[in-house]
Structures are given as structure tokens and as C-alpha cells.
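Protein sequence lines correspond, in order, to chains A and B. The first sequence finishes on residue 114 if you use the numbering used here, and the numbering steps up by one all the way, no holes. The second sequence finishes on residue 228 if you use the numbering used here, and the numbering steps up by one all the way, no holes. The beta carbon of each residue, even a glycine, is placed where N, CA and C say it ideally should be. These numbers come from a predicted model, not from an experiment. As C-alpha cells, the structure follows; a few thoughts come after it.
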Amino acid sequence: DGGITQSPKYLFRKEGQNVTLSCEQNLNHDAMYWYRQDPGQGLRLIYYSQIVNDFQKGDIAEGYSVSREKKESFPLTVTSAQKNPTAFYLCASRAPGAITDTQYFGPGTRLTVL
Amino acid sequence: AQSVTQLDSQVPVFEEAPVELRCNYSSSVSVYLFWYVQYPNQGLQLLLKYLSGSTLVKGINGFEAEFNKSQTSFHLRKPSVHISDTAEYFCAVSDAGTASKLTFGTGTRLQVTL
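This is the structure we're talking about:
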């Protein structure tokens, strides 16, 4: 089955610790995205990558870092510099094209800082 | 810059009644428009999209939406809702030229009751 997987589903972190969220896709999509979701605020873009070894900051990149060493993988690290990391994190990949352009989402990771 | 407004944060409706979820956008360029649905603790699932062509777009689960360029709207409708339609619905817009990033509305919670 083709799709996007995120792991783990639930993640708990102590204050001051870095943590890495996994995102893998087997859809052969070039572009991948990370969003943060908070209640009542919709989804906000953290980072995105349109091709391997390249990525750009989104609207709320402070306190986060990413890498894109492989087409299939786009891990997100939440650093200790992120002031309020408790949120639901969603990864997406994009199918380009004039009639197919769509972002497809993974199941999400809920991060809680204790 | 683009923006999306979903004026209704919650919409209560009885089962088998019709429903309309409103979405207005702001953009200085041509756009692609999307509706996604999110069930509790899950990722986003694409309901339907407008990229070009017919302004009336039909999606999954009996939903449809109409792109109105003059009113900059993309309202989502269903003639008869079911209990299983209870979920959060997000409208999103991207720049048709680059189509690289989605801007989301804050979401509308559809609550269907008997």
C-alpha cells in the first residue's frame, strides 16, 4: 500500500530535551511538508522540502529543524528552543501536476511535553 | 500573501438535514482550493479540490463545493448528512502558479445529531 507513515503516534518529552518525529512516504513524491496543529488554529507550516537535500522555513520554523537526505524521509526535530512544543504534528507529501496537485497527509504524531 | 476564512467554528445539524460549511479566501493570484476532513486524532483526508475547469466540484462521501471567483468563496455542501460526517473540516488554498504551500483556515467542527 502506498502512503505516508508517521511514528510514533504519541510521544512524551521532558522539558529541555530534543525529540525527532519520523515521516516516511512511498508515493515517490518530491515535495514533503511538516505542519503543526493547535486547537482552534488550523494547521501552520513549519518546514517544507521540494527536493532532496533542500528545504525551506515555513511560517513557524523557530525551535524546529529538519533534514532531507532521502526522497522517502523527512524527519522533524523539535528542539529545546521551541517554547511550547505540545501539539499535534502532521506530515504531508505532494503530488504535483496541473490536474493532480494535492497534498496527502500522514496520521500525525501527538507530542506532549511533561 | 493568501488567507482563508472559515467563519463558522462549529455547525450543529440534525441527521439527514442539508449542510453548508463556508469558506472565503483572499489572494492576488489564481488559486487552487481544497477541502479536507479530519476525524479525531487522525490525519487529514482530501474531500475534494478545485484546480481548474468546472466550478462545481464533487468529492467523496457525497460532498460538493462551488468555486465562486467573484465572491472569492468555496463553500462545501452536502444535501443530507449522516452521523458519520461528524468531524473537523478544513478549507485550504494554494497559489496556482507555484502550488508549493497550502494556507489553511481555522476549521469548522460539524456536529451531526439524531
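DSSP, read as helix, strand or coil, puts Ser144 of chain B in coil. For Val19 of chain A, the pairing in a beta bridge is given by DSSP as A:Val78. Between the stretch 175-195 of chain B and the stretch 79-91 of chain A there are fewer than three C-beta pairs closer than 8 angstroms, too few to call the two in contact. Phe128 of chain B counts as exposed, since fewer than 16 other beta carbons sit within 10 angstroms of its beta carbon. Between Asp199 of chain B and Val143 of chain B, the CB-CB gap reaches or exceeds 9 angstroms.
Three or more beta-carbon pairs separated by less than 8 angstroms are not found between the stretch 163-174 of chain B and the stretch 115-122 of chain B, which leaves the two stretches without contact. An exposed status is given to Ala81 of chain A, since fewer than 16 other beta-carbon atoms sit within 10 Å of its beta-carbon.
Taken in chain order, the members of the stretch 155-178 of chain B whose beta-carbon sits within less than 9 angstroms of a beta-carbon on chain A are Asn155, Gln156, Gly157, Leu158, Gln159, Leu160, Lys163, Leu165, Ser166 and Gly167.
Close CB contacts of Ala61 of chain A within its chain, under the 8 angstroms cut and outside five residues either way in sequence, are with Ile46 and Tyr47 (chain order). Taking the beta carbon of Tyr146 of chain B as reference, the chain A residues within 8 angstroms of it are Asp101, listed in sequence order. Contact annotation: Phe204 of chain B and Val125 of chain B have beta-carbon atoms that are not nearer than 9 angstroms. Taking C-beta atoms as the reference points, Glu15 of chain A and Val113 of chain A count as a pair closer than 9 angstroms.
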